[in-house]
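As you go down the protein sequences, you meet chains A and B in turn.
Going by full-length UniProt numbering, the first residue of the first sequence is number 1, and it counts up by one from there.
Going by full-length UniProt numbering, the first residue of the second sequence is number 1, and it counts up by one from there.
Note that the Cβ used here is the ideal one computed from N, Cα and C, for glycine as well.
Keep in mind that this is a model prediction, so the values were computed, not measured.
Quick notes on the structure that follows.
Number of protein chains: 2
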Amino acid sequence: MSENVGRWLRDEIENAILSNEFAPGARLDEMVLANRFGVSRTPVREALMQLDAIGLIEIRPRRGAVVIDPGPHRIYEMFEVMAELEGLAGSLAARRLDTASREAIMAAHGRCEQSASAGDTDAYYYNNEEFHNAIYAASRSDFLEQQCAQLHRRLRPYRRLQLRVRNRLATSFSEHCAIVDAIFAGDGDEARRLLRGHVGIQGERFSDLVASMASR
Amino acid sequence: MSENVGRWLRDEIENAILSNEFAPGARLDEMVLANRFGVSRTPVREALMQLDAIGLIEIRPRRGAVVIDPGPHRIYEMFEVMAELEGLAGSLAARRLDTASREAIMAAHGRCEQSASAGDTDAYYYNNEEFHNAIYAASRSDFLEQQCAQLHRRLRPYRRLQLRVRNRLATSFSEHCAIVDAIFAGDGDEARRLLRGHVGIQGERFSDLVASMASR
DNA sequence: AAGGTTATTCTTGTATACACGATAATTGAC
DNA sequence: GTCAATTATCGTGTATACAAGAATAACCTT
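Printed below as a string of C-alpha cells:
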C-alpha cells in the first residue's frame, strides 16, 4: 500500500481492469469502490481522474465512469504503435549496449528458454515481459522506456491471449533468439525490423487474437 | 469552459505550463490555484492528479505538486520518440491516403507556404501544427493520432524555440514539400524516413535547441 | 393498456471541515 | 554567533455534507 490512498487505489483499480475483473463497458460506481476499499469517495475520485487521463476509463460528466472498450481495431492500432516503439528501443539498444544491459537481456532470455522448452505458458508470459523490459532499459532512453512499459502494461491481457495460440510460444522464443543476435551484433536496423515483426500483429495473428477474445 | 470544472482546470493549468507561465520546477499551491480560478481545492486537486498521470507535473506525497523539468536530455529523448511516431504516421498516411486527408494536408501545406514566404514565424508555428495534425489524421489510426497529438502538445514550446533558429523556417518548409511528395506518391518508407529527419533533433539541431533554452 | 409526464431517488460534482505531516521560525544552549 | 531542538504554522490528505443533474419509477391521461 502506497503512501497515499489515491495512488494506491489507482494501481488497484488499474490492475482490476487489466486483469479483466472490471470488464470493458463496466460501470465504476464511486460508492461501491469506496466501500470495497474502505475509504471515502474523495480518493476514489482522484484515482478515477487519473485513470481517465491515462485513457483506461472514460468519465462522462454527471454520468459516471466506465471502463473503455478498445475494440479489436483499436487494439490493432495499439499493437502497431507498440511495434514501432519496441523497434526503436531495439535499434537504440543495439547501438548503445553496455555490459549490464547485455547481461540483463541474456538472463531474461535464458529464463524464456527454460519456460518455453518446459511449455509453461504462464512462466513464459512473465519471463517474456522481463525480456522486453530489459530491451527497453537497454535503449538507455528513460522516456522511451517509460512509454514502452506503459503501453506494454495496457496490452498485457491481449499479449497473454496471444500466447495461447498454437505454437506461438515456440515461435516467439525463436524470434527472441534472432532479436538477441541482432542486438548483440550491434545491428540496429535488423533489431528494429525483427522487433517490429515480433510485436506487431499483422495478418493471421490479428484474427487469432480476435478469435481468442471472442471465445472468452 | 467545459462542463465540469475539473476538466476545465486541467486544460487551463496545462496551457499555463506549456506556455511557460508555470515554469519547470515551479510549485503549484492548491489554494493559490483555487483562488485564482475562483473554485475550491477539490477540482484543483482533481486537475493536478490528471496532470500528474500525464506526466506534466509531479505530486510528491504531502509535499505538493511541482512542474516537471524535463531537462535537455529528456527533451531529446522525447523528440526521438516523436520522430518515430511521426514516421509511422507518415508511412501509414502514404499507404492509406484518401481524398479528404489529401486535401487537408494540401490546405495546411499551402498555409505553411504563405507564412514561410512571409517570414511570419508565429503564423508558421500554427500552420505547421495543423500540417502535422493533418498527417496524424491521414494515418487513419485513431490511437496513433491521439499519441502523436499528445506528445506534440507537450513538445510545443520547444518546437517554437526551434523555429527561431536562423533559416530553420525555410528549411522546415522545404522538408515539408518533400514529405508531401512522398506521401502523395504513396511512398511510405520515404515518408517515414523524411519525417524522422524532419522531427528528430540530431546533431547541431539539438545544440541549437539547448542554446535557445539557455538564453531564455 | 400504452405512452407521456412528473416526482422521487440515486449518483455525481463541488465545497468545507478536520487531521496529520512537513517545513519554517524562534528560542535556547554551547 | 551559530547550530540544534522544539514549537508553531502552513499545506496536503481524507472525510463528510450539500447541491444539482440524470435515471428510474409511479401516476395520470388518453
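Cβ of E80 of chain B within 8 Å of any chain A Cβ:
Taking the second sequence and counting its residues from 1, the one referred to as residue 80 of chain B is at position 80. It does: the Cβ of E80 of chain B has a partner Cβ on chain A nearer than 8 Å.
What does a CB cutoff of less than 7 Å around C112 of chain A pick up in its chain, not counting 5 residues either side in sequence?
Along the first sequence, one-based indexing puts residue 112 of chain A at 112. Cβ within range, chain order: Y124, N127, N128, F131, F173, H176.
How is A185 of chain B classed by DSSP in three states: helix, strand or coil?
For the purposes of this step, residue 185 of chain B is taken as residue 185 along the second sequence, with counting starting at 1. The answer is coil: DSSP assigns A185 of chain B none of H, G, I, E or B.
When we look at the beta-carbon of S117 of chain B and count the other beta-carbons within 10 Å, is it buried (16 or more) or exposed?
Here the question's residue 117 of chain B lines up with position 117 in the second sequence. When all chains shown are included, S117 of chain B counts as exposed.
Give the interface partners of R74 of chain A over in chain B, defined as CB-CB distance under 8 Å, in chain order.
Counting from one through the first sequence, the residue named residue 74 of chain A turns up at place 74. Per Cβ cutoff of 8 Å: D142, F143.
Partners in chain B for N4 of chain A, counting only beta-carbon separations shorter than 7 Å
Numbered from its first residue, the first sequence carries residue 4 of chain A at position 4. Here the neighbours are P61.
Do C148 of chain B and L56 of chain B have their C-beta atoms within less than 8 Å of each other?
Numbered from 1 along the second sequence, position 148 holds the residue referred to as residue 148 of chain B. Numbered from 1 along the second sequence, position 56 holds the residue referred to as residue 56 of chain B. No, the pair does not count as a contact, with Cβ atoms beyond the cut-off.
Cβ shell of P24 of chain A (< 6 Å), same chain only, five flanking positions each side left out:
On the first sequence, residue 24 of chain A is found 24 positions in, with the first residue counted as 1. Excluding sequence neighbours, P24 of chain A sits near V67, D69.
Pick from A:R7, A:R96, A:D120, A:R60 that is closest to R168 of chain A, judged by C-alpha positions:
Translated into positions along the first sequence, residue 168 of chain A becomes position 168. Comparing Cα positions, the closest option is A:D120.
Is it buried or exposed for D142 of chain B, if we count other Cβ within 10 angstroms and need 16 for buried?
Taking the first residue of the second sequence as 1, we reach residue 142 of chain B at position 142. It is exposed - the Cβ of D142 of chain B has fewer than 16 other Cβ atoms within 10 Å.
Since residue 263 of chain B meets chain A, which of its residues come closer than 9 Å, beta carbon to beta carbon?
Nothing about residue 263 of chain B can be reported from this structure: the residues present for chain B run from 1 to 216 only.
Which class does G64 of chain B belong to by DSSP, given the choice of helix, strand or coil?
Residue mapping note: residue 64 of chain B aligns to position 64 of the second sequence, counting from 1. G64 of chain B falls in the strand class under three-state DSSP.
Counting C-beta neighbours from all protein chains within 10 Å, is the total for R62 of chain A 16 or more, i.e. buried, or is it exposed?
In the first sequence, the residue the question calls residue 62 of chain A occupies position 62. Under this definition R62 of chain A is an exposed residue.
Rounded C-beta distance between V81 of chain A and L18 of chain B? I'm assuming under 8 Å.
As a working note, residue 81 of chain A is residue 81 in the first sequence. As a working note, residue 18 of chain B is residue 18 in the second sequence. Not quite, the Cβ-Cβ distance comes to about 23 Å (not below 8 Å), so this is no contact.
Looking at E46 of chain A and D52 of chain A, is the spacing between their C-beta atoms short of 8 Å?
As a first step, residue 52 of chain A is located in the first sequence; it is residue number 52 there, counting from the start. As a first step, residue 46 of chain A is located in the first sequence; it is residue number 46 there, counting from the start. No; because the gap between Cβ atoms is not below 8 Å, this pair is not in contact.
Are the segment 202–211 of chain A and the segment 90–103 of chain A touching by the rule of at least three beta carbon pairs closer than 8 Å?
no
Could you compute how far the alpha carbon of residue 248 of chain B sits from the alpha carbon of R140 of chain A?
In the structure displayed, chain B extends from 1 to 216; residue 248 of chain B sits before or after that span and is not available.
Look up I59 of chain A in the DSSP assignment and give the residues it is bridged to.
Against the first sequence, residue 59 of chain A aligns to sequence position 59. Partner(s): A:A65.
Restricting to Cα atoms, I'd like to know which of B:A170, B:T171, B:W8, B:V165 is closest to M49 of chain A.
The count along the first sequence starts at 1 and reaches residue 49 of chain A at position 49. M49 of chain A has its Cα closest to that of B:W8, out of B:A170, B:T171, B:W8, B:V165.
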